[in-house]
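Undergrad: Chains A and B supply the protein sequences, listed in that same order. Position 281 (the first sequence) corresponds to 262 in this note's numbering; numbering is contiguous. Add 835 to the 1-based position in the second sequence for this note's numbering, that's all there is to it. Questions regarding the structure given below will be posed in turn.
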Amino acid sequence: MDADLILRWLSYRGGGSISSVKKSIAGLLDGPEPRSMTLATSVLSRLETLGHIDLEREESTWRIRPPLVTHLPGSMAFALVVGERTLEIADELDSNSSVHIVEPQPWGAHSLQDPVTLLLEYDTDTELREIAARLGGNFRESAAHSLAAQLLPIHLGARTAGPNKMGLEIEMYATRTNTFIHVESTRREGLYRQKINGRFQHWILESGSWYSTTRSEGICLLLSEDDCTYLRLTIVEEGEDPIGILEVDPRLPLPLQQRRALTYCTGLHAAQSSAGRPTYYNVPLSVASLLANSAHQYLQVD
Amino acid sequence: MPIILFLDDDELADICPEIDDPVESLRSAVLSELRQTDKPTIFDHIDRRIAAWRAGGQDQPPPILPLLAATVLAGGRMQRDESFTAGAYYPRLVDLMSPGRNSITAHGLQKHFDQVAEMWQLLDRWILAHQETLGPSTIVQGSYSRIGYPLSQTVLKVSDRERLSDFFARIRSDEHSESSPQELLRLLRMWMSKPKGFSRTFVEVVQGGSGNLLLMAVISKLAAQERSESAAYKRRVKLELSMSIDPGTWSVSWVVPVRSEVQRDDFDLGGGAIVTLATPAYGSVYDVVAGTLPEGAQTIDSEFKAVGAGAVLSKKARPLWVLRTDPFSGNWQSVALVEPGERYLLLVRNTADQDMQDFLAANAEPDYWRHRRELFPGRTVYENVCLKDRSYKTSQDNLVGLAGLGDVESASSPTLTNGLPLRTDVGGRHYLAGGEPDVLIPDSGSEAFALVVIDSKRPGQPVRKNGSTFPLRKAGPFVDGKHTVEVDGKVLEFFVHAIGDAAQMPGARASATDTENFPNLPTEEGLQARYALCRRGQNAAMWFIFPEGRVLKVCEPKIPRFFSSLGVPNSYMWKVQVPDGASWHVTERGGKFSDPTRLSAQEANFGRLNGVAQAFWRRVASDTITSPDQKWRSYLSQSMEGSIRGR
């Protein structure tokens, strides 16, 4: 599957229904339909994390994001370009700027790939602003820092009626096994889920009230009461804002904005460490700290 | 409707069926108004008529129509030629206007065609003056000096003009700014790839060659007229009422899904009743802050409309309502889009109940149920309906609302499916290069093979007829343009484009992005960090200078090893964030300092300097003493004063 072709196609489509693009992407993947649809969902989710598209799952719609040019953190003088990537934009970058193409590592059991990462070399910020203007997009000094600074502490959602006890089976999250298990009653406080309209809805039961949440936020809230370290930053470059490698415990599913702030540090998705931990590179200490605070986690710094 | 003075031999015969030789009749009538000469006085009679007409009220057209009609007739006779050239036109004009061997008048007509061109201009001005009653003029010169005028009337017939209105409506030309004639022609050719009822002549003109300049000029003028004629009224946002059913009580109410363009509005329900809607704190439907929306099962089949300042609230009666569970309220709520694999509640008119039963039996998972009790007057309710995700047959066309489910085609003939389809303003199937579609070969229930022939290149590829798909993209690469694939005698057409908006009006892509359902996500704005850059190598370092004379040195850092493991190349520059309060920045490479870069306008106010600062100022002064920046020189002079006084 050509991920760059997918991104180019989405750039021209502009936006629309998630189900129709998922179907088209699944059609390009070999294999039986249920598996290809699941992979197509993953493809879209990874594009969202990388900052190329936005997904509105409740309304089942998506849209392409305008081009964004932003500094990578740290001392490397590269700027990252994410978002819309039509043929015209690619040609513009190729012709009028010094662009490096970084091939991402394959992911998943089927060795799929993300679109290539585009890094620009530049001499001044003015040059980057001009490039962004020519692409019809925006320039931001440091998208990773900006996004991290806006992260609100994860909190309970709106109060709601909770799962439908007459509906499909209700499952509760078991922190010991990190899985959802079927439950007959919903008396215990915790994170629950139920399939409605083909999609899992999540709730937290707390003090007798139900609150809406998402899977990742709900688990983050549960794990905030744990005594474990789920985030570890290893410093590799000293400075006013040291740079490091952030390992995330796979039991802690980071929400989208947290993941996106981290991918803006390299333009790449999390790698898998030898221990199977999602690992982000080139992460400033300030970004990691803000992220940890938002997820109610302690950041271990080595 | 624009005025077209189209005339060819067929048209003339249709207009005057009672005349044996209408061409001869027209020729005679025109020649009788011309002097038999090839001198400029050939038009004397007509000039006198024009003068009399000018002196009058000019309510009628100028007395030149028969002559101009004859020039159009001559142009119509060259439609079959490959090129519109004077060399092709004038011989036909002379031939038309020469009775027998006497061609002196015809040659005079050719010789003084500039006066005929002026007559065309006269007619154009007269039509313009009477545009409100007649319609706009289609007379254009194009890039031709004189013959363009009559030729502009031969490009399309009235029926073609009417068909073109369909094309302009399709591409929503009134919503887009002016497009180039080439872009319009490109889209028109795509649109005309399937029969649209145009005359053969027009089809030949449009599809032939690299572009008829006159045709493009006429189309461009018609497109401009479409844009100016479209109502430029301010459009209100359309809000549709959505049905909401309480699953416990089966009571019906109406809600209005939120649209970002409308925050709050007062809607006039008529009779003095007002309902006020406002964006909620959370949720996907508006809060009713004043008044009430209709409710009750009796409202299902009634129409509703209420007008606000910026929006219009409406509801139409529908033969079929499709609802799914709203996660916020837990109620069933009507939806516009039906997706295979999800569960729905259907309310169908009793008259269509049998059709619905047939449809669901063929296309839905079997675990739905039909309520026997009539929950709503005149309606049958199906609950827990889940449609299968594959091509299926419909029984009748009155299943409105299910049209969005995907391929509603016969499962017994080959179809195009999957691929990366592009948006189009002109219809047809358009795909991004590299994302060509698959051909679905129906299951024949036997071991037979079908031949898949692409772009008529035989013998083709044999594919088993077992319901499988043949991926056309693997037979590529495909060049831009129209392609065909033939399977068992059925020909399917599709277009391939490297540029993904080739089948759209220019600028249309920007409006295709629907952002109304996206919440305010955190953006990348906010932090304004500043960086200073320096080339690597030669013991590079950056020095930051503060108003008090203090300095901060940052040496070139090593490139972190993980970058190369990630495949990221080494950058030839390195950067460091400018510290707060720094007023200057200087780079050093190979022991030499660059010109200073000012970071702020702060004046020098040196205090006590440490050894590092003193050493820095001594070294940097020798490299930058000639700097033209007065402020930097003030810093240097303070550093020198400090060194003299032993600070």
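Note that CB positions come from ideal geometry on N, CA and C, so glycine has one too.
Nearest by alpha-carbon distance to residue 975 of chain B: which of B/1056, B/1041, B/890 is it?
TA: With distances taken between Cα atoms, residue 975 of chain B lies closest to B/1056.
Undergrad: Between the stretch 1182 to 1191 of chain B and the stretch 1205 to 1215 of chain B, are three or more C-beta pairs nearer than 8 Å?
TA: Result yes; three or more Cβ-Cβ pairs closer than 8 Å.
Undergrad: If you measure from the beta carbon of residue 1333 of chain B to each beta carbon in chain A, is any gap under 9 Å?
TA: For residue 1333 of chain B, the answer is yes, since a Cβ of chain A falls inside 9 Å of its Cβ.
Undergrad: With a cut-off of 8 Å on the beta carbons, I'd call residue 1331 of chain B and residue 1367 of chain B a contact; round off their distance for me.
TA: Not a contact, Cβ separation roughly 48 Å.
Undergrad: What residue range does the alpha helix (DSSP H) around residue 1016 of chain B cover?
TA: It spans 1016 to 1026 - the alpha helix (DSSP H) in which residue 1016 of chain B sits, taken as one unbroken run.
Undergrad: Taking residue 969 of chain B as the reference, which of B/1019, B/1160, B/896 has the closest Cα?
TA: Here the closest residue by C-alpha is B/896.
Undergrad: Does the stretch 73 to 82 of chain A come within contact of the stretch 30 to 46 of chain A, defined as at least 3 CB pairs closer than 8 Å?
TA: No, the stretch 73 to 82 of chain A does not touch the stretch 30 to 46 of chain A.
Undergrad: Does the stretch 1267 to 1285 of chain B come close enough to the stretch 1297 to 1308 of chain B to have 3 or more Cβ pairs within less than 8 Å?
TA: Touching, yes.
Undergrad: Tell me the DSSP bridge mates of residue 191 of chain A?
TA: Answer is A/141, A/186.
Undergrad: Can you give me the start and stop residues for the alpha helix (DSSP H) that residue 1169 of chain B sits inside?
TA: Premise fails: residue 1169 of chain B lies in the beta strand (DSSP E), 1167 to 1169, not in any alpha helix (DSSP H).
Undergrad: Does the CB of residue 1365 of chain B have a neighbour CB from chain A at under 9 Å?
TA: By this cut-off, residue 1365 of chain B is an interface position.
Undergrad: So, at 7 Å on beta carbons, what are the nonlocal neighbours of residue 1038 of chain B in its own chain, with the 5 sequence-adjacent residues on each side left out?
TA: Here the set comprises 1027.
Undergrad: Give the DSSP bridge partners of residue 60 of chain A, in chain order.
TA: DSSP, once it has assigned bridges, lists A/52, A/101 as partnering residue 60 of chain A.
Undergrad: Tell whether a beta-carbon distance below 9 Å holds between residue 79 of chain A and residue 93 of chain A.
TA: Their beta carbons are not under 9 Å apart, which means residue 79 of chain A does not touch residue 93 of chain A by this criterion.
Undergrad: Between residue 1392 of chain B and chain A, is there a C-beta pair that is closer than 9 Å?
TA: Cβ-Cβ to chain A under 9 Å: yes for residue 1392 of chain B.
Undergrad: Going along the chain, which unbroken runs of the beta strand (DSSP E) with 3 or more residues stay wholly within the stretch 1265 to 1337 of chain B?
TA: Here the runs fully enclosed are 1265 to 1267, 1273 to 1275, 1284 to 1289, 1292 to 1299, 1304 to 1306, 1316 to 1322, 1325 to 1332.
Undergrad: Along chain B, in chain order, which residues have C-beta atoms closer than 8 Å to that of residue 269 of chain A?
TA: Chain B residues near residue 269 of chain A: none, gap ~15 Å exceeds 8 Å.
Undergrad: What's the C-alpha gap between residue 58 of chain A and residue 1407 of chain B?
TA: One C-alpha to the other measures close to 8 Å.
Undergrad: For residue 1092 of chain B, which of helix, strand or coil comes out of DSSP?
TA: Three-state result, residue 1092 of chain B: strand.
Undergrad: Among B/1444, B/1196, B/1473, B/1411, whose alpha-carbon lies nearest the alpha-carbon of residue 1456 of chain B?
TA: Of the candidates B/1444, B/1196, B/1473, B/1411, the one whose C-alpha sits nearest the C-alpha of residue 1456 of chain B is B/1473.
Undergrad: Whose C-beta lies closer than 6 Å to the C-beta of residue 911 of chain B among residues of the same chain, with five residues either side of it excluded?
TA: Hits under 6 Å: 843, 989.
Undergrad: Return the CA-CA distance between residue 903 of chain B and residue 955 of chain B, expressed in angstroms with no decimal places.
TA: Their Cα atoms are separated by approximately 7 Å.
Undergrad: Quick check: what's the CA-CA separation for residue 1153 of chain B versus residue 1134 of chain B?
TA: Distance between the alpha carbons of residue 1153 of chain B and residue 1134 of chain B is about 11 Å.
Undergrad: Quick one, which residues of the stretch 1388 to 1412 of chain B are near chain A if we go by CB-CB under 9 Å, in chain order?
TA: Listed in sequence order: 1389, 1391, 1392, 1393, 1394, 1395, 1396, 1397, 1398, 1400, 1401, 1402, 1403, 1404, 1405, 1406, 1407, 1408, 1409, 1410, 1411, 1412.
Undergrad: Within the 9 Å Cβ cut-off, does residue 84 of chain A reach chain B?
TA: With 9 Å as the cut-off, residue 84 of chain A counts as an interface residue toward chain B.
Undergrad: Let me make sure I understand the geometry here. Which of B/991, B/1266, B/877, B/1436 has the alpha-carbon closest to that of residue 942 of chain B?
TA: Measuring from the Cα of residue 942 of chain B, the nearest candidate turns out to be B/877.
Undergrad: The beta strand (DSSP E) that contains residue 1140 of chain B, what's its start and end?
TA: Note, residue 1140 of chain B: beta strand (DSSP E), 1139 to 1142.
Undergrad: Taking 9 Å as the threshold (beta carbon to beta carbon), is residue 179 of chain A in contact with chain B?
TA: True, the Cβ-Cβ gap to chain B drops below 9 Å.
Undergrad: Could you list the residues in the stretch 206 to 233 of chain A with a C-beta less than 9 Å from some C-beta on chain B, going in chain order?
TA: Under the 9 Å Cβ criterion, the stretch 206 to 233 of chain A contributes 217, 218, 219, 220, 221, 222, 224, 226.
Undergrad: Classify residue 1204 of chain B: buried if its beta carbon has 16 or more other beta carbons within 10 angstroms, exposed otherwise.
TA: Counting Cβ neighbours within 10 Å, residue 1204 of chain B comes out exposed, since fewer than 16 surround it.
Undergrad: Is residue 259 of chain A near residue 228 of chain A, with beta carbons less than 9 Å apart?
TA: Their beta carbons are under 9 Å apart, which means residue 259 of chain A touches residue 228 of chain A by this criterion.
Undergrad: Hey, how far is the Cα of residue 1462 of chain B from the Cα of residue 27 of chain A?
TA: Rounded to the nearest angstrom, the two C-alpha atoms are 51 Å apart.
Undergrad: If the cut is a Cβ gap below 9 Å, which residues of chain A does residue 1253 of chain B touch?
TA: Going along chain A in sequence order, the residues near residue 1253 of chain B (Cβ under 9 Å) are 4, 5, 7, 8, 9.
Undergrad: What is the C-beta distance between residue 141 of chain A and residue 173 of chain A, in whole angstroms, given that I count them as a contact (C-beta under 8 Å)?
TA: Not a contact, Cβ separation roughly 12 Å.
Undergrad: Once the 5 residues before and after residue 868 of chain B are set aside, which same chain residues still bring their CB inside 6 Å of it?
TA: Excluding positions up to five away in sequence, the list reads 880, 881.
Undergrad: For residue 1410 of chain B, which of helix, strand or coil comes out of DSSP?
TA: Looking at residue 1410 of chain B - three-state DSSP - the assignment turns out to be strand.
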